[in-house]
Each structure stands twice: as C-alpha cells, then as structure tokens.
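First the structure, in the form of structure tokens, and then the observations on it.
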Amino acid sequence: MGFEIGCFYVLLKLVANDVVYYDFCYGLPSSSTPFADVDILLQVSLLRSSCVSESSFLMTSKTRSAHVSEAASSALTLAAITHICSRRLGNYTNSDERVAAEYEKYHLLERQGVIIGLRLMERLLYREPVFGRTSTDIARYVGYTMWKAIFGKKVDSIKAIDSTYHLSDNNFRWLQGFPQLKTSDCVQTLESSEDDGSTDRYTEEPVGSVSHRDVLLYTVGIIKGATHRLLGESSFSVTGTHTKEGETFFSLDFR
Amino acid sequence: MSSSAQRLASAVQLGNAAFDNNVKMSAEFLALTYGALVQQMVEELTQEDDVEHVNQQLYHMGHRIGARLIEEYSVRSGAAPCRTFTQAAEGVALVGLRMFLGVSAEVTQVKDAADTFAISFQDNPLALFVELPDGPLRECLWYSNILCGVITGALSLVGLQTEARFSRDKLRGDSKNEIILHFKGRERETFQVERN
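Residue numbers (our numbering), protein chains in the order written: chain A, 1 to 255; chain B, 256 to 451.
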C-alpha cells in the first residue's frame with residue numbers, strides 16, 4: 001500500500017507539473033530490505049531522467065558548477081550522521097535489544113548514504129559522463145570525480161590488487177577531530193556475516209554518539225549509491241577501513 | 256563615500272576573499288545531503304502535520320553547526336570583531352553567508368528597530384533541486400531553517416544573544432529569501448585575561 005501510494009504520488013507530480021527535476025519531501029515507502037530501497041530509488045531516478053530535455057535551464061545547470069565551502073558541507077554531513085546515531089539512544093534491557101538497535105543504526109546510516117549517492121551519481125554522470133565500465137574506470141570515477149565533488153580534492157592514491165581497488169585518503173575529512181585508535185589496529189565496515197568472530201577489532205571510542213565506524217558506513221553507502229548504475233550485472237562490495245596510523249581507505253571489490 | 260558605505264564595501268570584499276580562499280566543493284552534494292536529511296526528518300514525524308517539529312530540529316542542529324563554524328570564520332575570514340549590532344549583522348550577511356555558501360546577501364535595518372535586521376538573498380544552495388508539495392510542508396516548513404540555527408549558534412559563541420527566523424522563502428512562492436535577525440543583548444564578558 002505504502003509503495004503504491006509513494007509511486008503514484010511521484011508519477012502524478014511528474015505528469016501534472018511536467019517537472020524536469022523533482023525531489024519530493026514525502027518519505028519513500030518503508031521497506032525491510034536495503035535492496036528494495038535502492039530499487040525504488042532507482043525507479044525514481046529513471047523517472048526523473050526520462051523527463052530531462054534540452055533547455056536553456058538545463059544547459060545553464062550543466063555548465064554552471066556552483067560551489068560552497070567544504071567546511072560547511074562537512075559540518076552538515078557530521079550533523080546528519082549525528083542525527084541518525086542519536087536516535088533511539090537509551091537504556092537497553094538486554095544485549096539482544098542493544099544489538100538490534102545497533103544493526104538498525106548501521107542500516108540507516110548506509111541507507112542514507114545510498115540515497116545521497118544515487119542522487120549525486122545522477123548529477124555527476126550528467127556533467128561528466130563515464131564512458132568506460134571497467135573496474136578501473138569505476139575506481140577512478142569514485143576516487144577522482146566523486147571525491148572532488150564531495151571533498152574538493154582527489155583521493156591520495158588508488159592501488160589495485162587483483163580485482164580489488166584500495167582508494168586511500170591520508171586525512172579523511174569526516175574523521176578529522178576523531179580520536180586516534182588505541183585499542184584496535186583498525187576499524188572496518190565489514191558485514192556481520194564476514195566477521196571473523198573477533199570482537200576486539202571493533203572496540204572503538206565513540207565521539208559523543210558517533211563512532212569511526214558510523215562515519216565509514218555512511219561513506220560506504222554514498223559510494224554504493226554513486227556507483228550503482230555503472231555496475232550493470234557486476235557484483236560489487238565496498239569496505240571502509242580506518243587504521244591506527246590515521247589512514248582511511250575504501251576497498252572496492254569487483255570479484 | 257560615507258563611512259557606512261565604505262564599511263559595507265569592505266565587508267563584501269572580505270566575504271569574496273574568504274570564499275575564494277576556501278577549499279570548495281560541489282554545491283550539489285551539500286544540497287543533496289541536506290535534502291536527504293530533511294526528508295528523513297519528515298519521514299520520522301509521528302504526526303504528518305507536525306511540521307513545526309522539523310523546523311525545530313533543523314534549528315537546533317544548525318545551532319550546533321554554527322558553534323563550530325564560528326571558529327573557522329574567526330580564523331579565516333579576516334573580519335574584525337563586531338562592536339555593534341549593525342556590524343554583526345553585516346558580518347553574517349556579507350561575510351559569513353558568502354564565505355561558507357557563496358551567497359550574495361543584502362542586509363538592511365528594519366524600520367524603527369535598531370536591533371533588528373533583514374538579511375535577504377536570491378540564491379539558496381541548500382534548496383537546489385527542491386520543490387515542496389502543496390499541503391502542510393509548503394505551508395509550515397521553513398526548508399532552510401538550519402541557517403537560522405547556524406546564525407544564532409555562531410553569534411552566541413561571540414557573546415551575542417539573537418533570534419533568527421525566516422520571513423520569506425522562494426520555496427513558498429516568495430520573490431526572495433529573507434531572514435529576520437533580532438539582537439536580544441550582549442552577554443557579559445566571562446573570559447578574563449590575566450594581566451601581569
């Protein structure tokens with residue numbers, strides 16, 4: 001029901017107003033799986049794309065590259081992450097409840113990142129089409145085009161090992177001001193199914209209600225969203241890692 | 256050129272220089288991040304018509320952001336400390352908004368009120384690609400209310416107690432965006448420098 005209402009509303013709006021760009025403020029229908037969210041968002045993106053036509057506005061929009069201070073954008077991003085993390089803070093009656101709440105937080109962080117990434121992809125590809133679809137092309141798109149749009153700079157290095165590309169940022173902007181890791185060698189965003197069972201490596205020191213892992217998960221979501229349409233039928237996984245030495249890298253695995 | 260006009264021109268120059276010297280990035284990413292945030296807040300409403308709650312959330316979030324950005328403003332804008340409400344309003348409108356958002360704003364004193372100013376601007380980078388649907392959102396949501404929080408949060412860190420609120424919004428069909436900035440007072444200096 002929610003799905004139908006949501007999609008109907010979008011369609012009605014597009015047809016009624018012949019809107020070229022539209023970003024509705026009513027929520028997407030709730031969904032129990034991240035993939036469904038992405039699929040719905042993709043449908044919306046495609047709907048919007050089909051309405052695009054050449055016009056003076058679009059030409060202006062395409063050529064005009066408005067900028068803002070990176071400091072303001074980073075402040076907003078961290079506030080958005082904090083908003084997600086501060087939800088449902090409270091006393092848990094048992095560890096199961098705590099684990100469930102934590103899982104929901106991680107899901108929301110990545111989902112929100114995916115939403116933003118999907119929309120960013122649309123803007124970036126419109127302005128700078130990516131003609132190749134190889135893993136190298138995608139890694140460069142993330143490390144150069146996407147990083148430039150988000151942080152005003154490129155990643156510091158891209159290293160390929162077999163089918164995995166490691167995009168390294170020596171001073172990741174969104175983790176500046178976070179404490180250095182002490183009890184762990186690194187923090188990663190590996191899915192729980194890939195957890196090697198060791199809990200020590202996930203010991204970290206939250207800053208208020210936000211941890212290193214929270215920031216990494218949000219960024220991983222953006223990367224997933226921003227690359228979704230480039231992948232076609234390929235499988236793809238993204239892992240964020242922050243080390244004790246202060247290096248942050250995102251691994252794109254194309255196996 | 257009167258001293259007032261000279262000061263205004265100087266503030267505009269400072270704003271432009273501060274913006275030019277920034278690390279800059281895509282305004283689109285800022286707009287998309289903000290849009291997803293507002294959308295999430297609207298989704299979380301337990302009552303659909305309680306849009307004022309979103310306004311308050313945005314304001315409080317902005318207040319915390321402003322408390323962080325004022326440090327960057329102080330260090331990097333080159334603006335002199337504000338000694339009058341007028342100077343503070345000009346700092347916000349002509350330097351701060353320009354430095355962080357690339358916005359060219361105007362500031363005018365509200366008639367017959369020495370402590371109230373109107374800050375108006377045409378382009379709003381937070382509202383790129385945004386259209387509000389008819390209904391409670393269009394009627395009650397001040398989409399960019401986070402800006403009001405940023406302004407009051409920043410000014411509170413330099414001892415100025417203020418209120419800021421949107422009075423016009425292009426997303427609602429107005430011809431421009433306008434924030435009314437009202438100075439309520441100045442806090443007594445609490446930081447004492449020891450003089451030997």
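Ideal placement from N, C-alpha and C gives every residue a C-beta, glycine not left out.
Cutoff 7 Å; reference residue i; Cβ partners in own chain excluding five residues on either side
i	result
residue 270 of chain B	349, 350, 353, 354
residue 439 of chain B	416, 417, 418
residue 223 of chain A	117, 142, 238, 250
residue 78 of chain A	174
Presumed contact (8 Å Cβ cut-off) between residue i and residue j, rounded CB distance
i	j	result
residue 217 of chain A	residue 106 of chain A	6 Å
residue 333 of chain B	residue 273 of chain B	7 Å
residue 287 of chain B	residue 343 of chain B	Not really, about 32 Å apart at Cβ, beyond 8 Å.
residue 277 of chain B	residue 70 of chain A	7 Å
residue 109 of chain A	residue 221 of chain A	7 Å
residue 240 of chain A	residue 115 of chain A	Actually they do not touch by this definition, with Cβ atoms about 17 Å apart.
residue 252 of chain A	residue 164 of chain A	7 Å
residue 407 of chain B	residue 315 of chain B	The Cβ separation is near 10 Å, so there is no contact.
residue 364 of chain B	residue 112 of chain A	Not a contact, Cβ separation roughly 41 Å.
residue 250 of chain A	residue 238 of chain A	6 Å
residue 405 of chain B	residue 300 of chain B	The Cβ separation is near 23 Å, so there is no contact.
residue 67 of chain A	residue 290 of chain B	With a Cβ gap of about 18 Å, residue 67 of chain A and residue 290 of chain B do not count as contacting.
residue 167 of chain A	residue 143 of chain A	5 Å
Under the three-state DSSP convention, the category residue i falls into
i	result
residue 117 of chain A	helix
residue 274 of chain B	helix
residue 244 of chain A	coil
residue 452 of chain B	Given a span of 256 to 451 for chain B in the structure shown, any question on residue 452 of chain B remains unanswerable.
residue 339 of chain B	coil
residue 257 of chain A	The shown model of chain A, from 1 to 255, leaves out residue 257 of chain A, and the question about it has no answer.
residue 145 of chain A	helix
residue 367 of chain B	coil
residue 440 of chain B	strand
residue 415 of chain B	strand
residue 249 of chain A	strand
residue 96 of chain A	helix
residue 238 of chain A	strand
residue 137 of chain A	helix
residue 326 of chain B	helix
residue 155 of chain A	coil
residue 126 of chain A	helix
residue 301 of chain B	coil
residue 389 of chain B	coil
residue 203 of chain A	Residue placement at residue 203 of chain A cannot be trusted, given a pLDDT of 43 that sits under 50; what the coordinates show is reported in the next sentence. Residue 203 of chain A: coil per DSSP, three-state reduction.
residue 189 of chain A	coil
residue 183 of chain A	coil
residue 263 of chain B	helix
residue 224 of chain A	helix
residue 165 of chain A	strand
Given residue i as reference, the closest of the options once Cα atoms are compared
i	options	result
residue 297 of chain B	B:396, B:274, B:336	B:396
residue 338 of chain B	B:264, B:410, B:430	B:410
residue 320 of chain B	B:364, B:402, B:429, B:430	B:402
residue 182 of chain A	A:243, A:74, A:167, A:80	A:243
residue 382 of chain B	B:371, B:330, B:398, B:407	B:398
residue 423 of chain B	B:280, B:322, B:378, B:370	B:378
residue 425 of chain B	B:385, B:340, B:336	B:385
residue 129 of chain A	A:136, A:118, A:135, A:141	A:141
residue 227 of chain A	A:212, A:138, A:156	A:138
residue 400 of chain B	B:389, B:421, B:368, B:329	B:421
residue 211 of chain A	A:235, A:96, A:179	A:179
residue 327 of chain B	B:412, B:369, B:433, B:268	B:412
Same chain, Cβ closer than 6 Å to residue i, five either side skipped, listed in chain order
i	result
residue 55 of chain A	Because residue 55 of chain A carries a pLDDT of 35, less than 50, the predicted location of this residue cannot be relied on, and the following value inherits that uncertainty. Correct list: empty, nothing qualifies.
residue 172 of chain A	248
residue 293 of chain B	none
residue 200 of chain A	Caution is warranted here: a pLDDT of 38 is assigned to residue 200 of chain A, below 50, making its placement in the model unreliable, and the coordinate value is therefore given only provisionally. Result list for residue 200 of chain A: empty, nothing under 6 Å.
residue 345 of chain B	266, 362
residue 151 of chain A	173
residue 186 of chain A	241, 243
residue 387 of chain B	393, 426
Sequence-distant residues of its chain with Cβ nearer than 8 Å to residue i (five each side left out)
i	result
residue 209 of chain A	82, 85, 86, 89
residue 360 of chain B	348, 349, 352, 353, 374, 375, 376
residue 193 of chain A	With a pLDDT of 39 at residue 193 of chain A, under the threshold of 50, the predicted position of this residue should be treated as unreliable, and no value is reported.
residue 262 of chain B	342, 345
residue 310 of chain B	395, 396, 397, 400
Below-8 Å beta-carbon distance, residue i vs any chain D residue
i	result
residue 66 of chain A	Of the chains in the structure shown, none is chain D; the protein chains are A and B.
Under 9 Å (Cβ pairs) to chain A, residues found in the region 424-444 of chain B: Hits within the stretch: zero.
Name the residues in the region 294-317 of chain B whose C-beta lies less than 7 Å from a C-beta of chain A; which are they? Result list: 294, 295, 297, 298, 316.
Members of the region 68-89 of chain A near chain B, C-beta cut-off 7 Å: Hits within the stretch, in order: 68, 69, 70, 71, 72, 73, 75, 76, 77, 79, 80, 83.
Taking a cut of 7 Å between CB atoms, which residues from the region 148-166 of chain A lie near chain B? Cβ contacts with chain B: 149, 150, 151, 152.
What are the residues in the region 110-123 of chain A lying within 8 Å of chain B by C-beta distance? Shown in chain order are the members of the region 110-123 of chain A whose Cβ falls below 8 Å from a Cβ of chain B: 112, 115, 116, 119, 120, 123.
Tell me which residues of the region 329-357 of chain B have at least one Cβ-Cβ distance to chain A shorter than 9 Å, keeping chain order. Result list: 331, 354, 355, 356, 357.
When Cβ atoms are compared, which residues of the region 275-288 of chain B fall closer than 8 Å to chain A? When C-beta distances to chain A are compared with 8 Å, the residues of the region 275-288 of chain B below that value are 277, 278, 279, 280, 281, 282, 283, 284, 285, 287, 288, in chain order.
Note down, in chain order, all residues in the region 217-238 of chain A with a beta-carbon under 8 Å from any beta-carbon belonging to chain B. From the region 217-238 of chain A, no residue has a Cβ closer than 8 Å to chain B.
Interface positions of the region 371-398 of chain B facing chain A (Cβ-Cβ less than 7 Å), listed along the chain: Residues passing the 7 Å Cβ filter: 380, 384, 385, 386, 387, 388, 392.
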